[in-house]
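Reminder that position 128 of the sequence shown reads as 127 in numbering that gives the first Met the number 0, one-by-one numbering, no gaps.
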Amino acid sequence: MSQVLPPHTGSKQAGSEQAASEKAASKQGSSILDANAGGTDLEALGPRSRDVARRRGDVLGSGYRLFYSTPLHLVRGEGCRVWDLDGRRYLDLYNNVPGLGHAHPAVTQAVTRQLGTLNTHTRYLHEGIVGYAEDLLSTMPAEIDRAVFVCTGSEANDLAARVARRATGRRGIIVTSEAYHGNTELVSGLSPALGGGQPLGADVRIVPPPDPALAAAVGQRDVGAWFADHVRRATQQLQASGAGVAALLVDTVFSSDGVFPGEPGTLDAAVRIVRQAGGVLIADEVQPGFGRVGVPLWGFARLGLVPELVTMGKPMGNGMPVAGVAAQGDVLGAFTDDQPYFNTFGGNPVSMAAAQAVLDALRAEELPRRAEIVGDHLRAGVVDLRRTHASVGTVRGIGQYTGVDVLDPDTGRPSGDLALAVVEAMRERGVLLSVAGPLAHVLKIRPPLVLGLAEADEAVEALDGALLDATAALRRARGTDGGR
């Protein structure tokens, strides 16, 4: 069961409904990538890091964003920890890719062994890709019986969108308002999180995420029915335009929207509307997949859904560039029967060795169950902080995916500025995380699945101090700290 823990009873805004109403007033060209970007204070760096940062700008340009106002120069990782150039240790709650933890020995050994044996492409027979596909598909419903391998989640979502359009004969795709699905031309147009600088596709319609606070703000207690109403309207618009509905594409924890894991059945009505219109469901498991949401391995499975298409990436190879699409055979066949699909590096033996090692470790170390236990413990600790911090709003999450609304302690309104200040203060206390949501006001916490109870307590203690530091700085800037 997902955890949704409400804010202070007396707070002036629960957070997410106010954030949605305020987004229109925010910078039109900004994106969540910009919100998490920093790298402006190079003078605070040591000479070696400053040199690397300046050379980086010279050869890579401004498109490559850095975290933190003073960039972090990492040189090593192990388990839940990373180390910077000066030897300082950090707890990695940003994580995102190495779900088993940094430098997991089983993955390292599997990759090294295969790289020293053979690495080629999929035009030759090789046991690695076949065995892995069989193992991967065994974790999914029987209807999902085919797999295609690529290198990135962007490629996976791009391919899934193309398959959906070919299989349905329609073009329209429905996504949520802060979704991020990748950076190819096609999926950039399906990613509102990229901001106003990236136009959406002409046949794309946006719906809000299944956020209970947004539903409650209009008197709707059933968030699934409320979400379905929005999907119905988007469906009608696409049908009226002549595009029709090819797919509903959702990240099954709605991570970029602010983390809304929902309960089993939440998406049922919306998916039914899309299918009645001739479309399919694409479950984007790039972030929630491979045990991050606990048992079972997949976000769609805990919601009780059987998608036509499932996309995956990020933790799939624990840092190796491995991604893929799992599909119902008839849907995928509508695409591949007409044309071959070949990806030079997708499914190569080294990548498949990494992916197989990840699946094996998830089972052997019982990491999905660990994610549930430690994730619940971490969220309970964050909720405890509400007794002393008016800035902590709703706490949501499932497994090792947690979202925390950050509120201005004086107004009760969602505060992206304060959330970003907390992220900076956490870095100073040796803990790394990021923000999400329409105003960048949600702390996004997604540690590696190997995180233990002691590390969770360490994170909560750091958050306690970071909230104090950030709130004090806010009030000093306003002159409301009583001269302290």
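Glycine residues also receive a C-beta, built at the ideal position from the N, C-alpha and C atoms.
Treat the numbers as computed from the prediction; the structure is a model and nothing was measured.
Legend entry - Test item: CB-CB of Ile272 and Thr234 under 7 Å: yes
Inset, instruction - Leaving out five residues on either side along the sequence, give the residues of the same chain with a beta carbon under 7 Å from the beta carbon of Ala370. - result: Gly290, Arg291, Gly293, Gly398, Gln399, Leu448
Inset, instruction - Please say whether Val252 and Gly223 have beta carbons closer to each other than 7 Å? - result: no
Inset, instruction - Could you have a look at Leu419 and say whether DSSP puts it in helix, strand or coil? - result: helix
Legend entry - Residue range of the unbroken beta strand (DSSP E) whose run includes Asp91: 88 to 91
Inset, instruction - Provide the residue(s) that pair with Lys443 in DSSP beta bridges, ordered along the chain. - result: Gly402, Ser433
Inset, instruction - State yes or no: is the C-beta of Arg170 within less than 7 Å of the C-beta of Ala245? - result: yes
Legend entry - Extent of the continuous alpha helix (DSSP H) run through Glu371: 366 to 383
Inset, instruction - Could you check what DSSP says for Met351 in three-state terms: helix, strand or coil? - result: helix
Legend entry - Alpha carbon of Arg386 to alpha carbon of Pro339, nearest angstrom: 59 Å
Legend entry - Through-space distance from Ala389 to Leu462, alpha-carbon basis: 13 Å
Legend entry - Beta-bridge pairing of Gln327 - partner residues as DSSP gives them: Ile143
Legend entry - Buried versus exposed, by CB contacts within 10 Å (16 or more), Tyr179: buried
Legend entry - Leu225, enclosing beta strand (DSSP E) - first and last residue: First, the residue type needs correcting, since residue 225 is Trp and not Leu in the sequence shown. That residue, Trp225, is in no beta strand (DSSP E); its alpha helix (DSSP H) goes 222 to 240.
Legend entry - Cα-Cα separation between Glu42 and Ser137, rounded to whole angstroms: 52 Å
Inset, instruction - List the whole-angstrom C-beta distance separating Glu423 from Ser68, where the pair is believed to meet the contact cut-off of C-beta under 8 Å. - result: 6 Å
Inset, instruction - Please classify Arg80: does DSSP put it in a helix, a strand, or coil? - result: strand
Inset, instruction - Identify every residue that forms a DSSP beta bridge with Met319. - result: Asn317
Inset, instruction - Could you tell me whether the Cβ atoms of Gly261 and Val96 are closer together than 7 Å? - result: no
Legend entry - Beta-carbon proximity of Asp468 to Val441, cut-off 7 Å: no
Inset, instruction - Classify Ser61 as buried or exposed, calling it buried when 16 or more other Cβ atoms lie within 10 Å of its own Cβ. - result: exposed
Legend entry - For Ala102, the three-state DSSP class (helix, strand or coil): coil
Inset, instruction - Measure the Cβ-Cβ separation of Ala465 and Met425 and say whether it is below 7 Å. - result: yes
Inset, instruction - Inspect the beta-carbon positions of Gly257 and Gly402 and report whether they are closer than 7 Å. - result: yes
Legend entry - C-beta contact flag for Ala322 and Gly152 at 7 Å: yes
Inset, instruction - Could you check what DSSP says for Ser10 in three-state terms: helix, strand or coil? - result: The pLDDT assigned to Ser10 is 41, lower than 50, so where the model puts this residue is not dependable, and the model offers no usable value.
Inset, instruction - Just mark Pro70 as buried or exposed, buried being the case when its beta carbon has 16 or more other beta carbons within 10 Å. - result: buried
Inset, instruction - Starting from Asp468, trace the alpha helix (DSSP H) both ways and give me its first and last residue. - result: 452 to 477
Inset, instruction - Report the three-state DSSP secondary structure of Gly127 (helix, strand or coil). - result: helix
Inset, instruction - Please report the residue range of the alpha helix (DSSP H) in which Leu158 lies. - result: 152 to 167
Inset, instruction - Output yes or no for whether 7 Å exceeds the beta carbon distance between Leu185 and Pro446. - result: no
Inset, instruction - Can you tell me which of the three DSSP states Ala276 falls into? - result: coil
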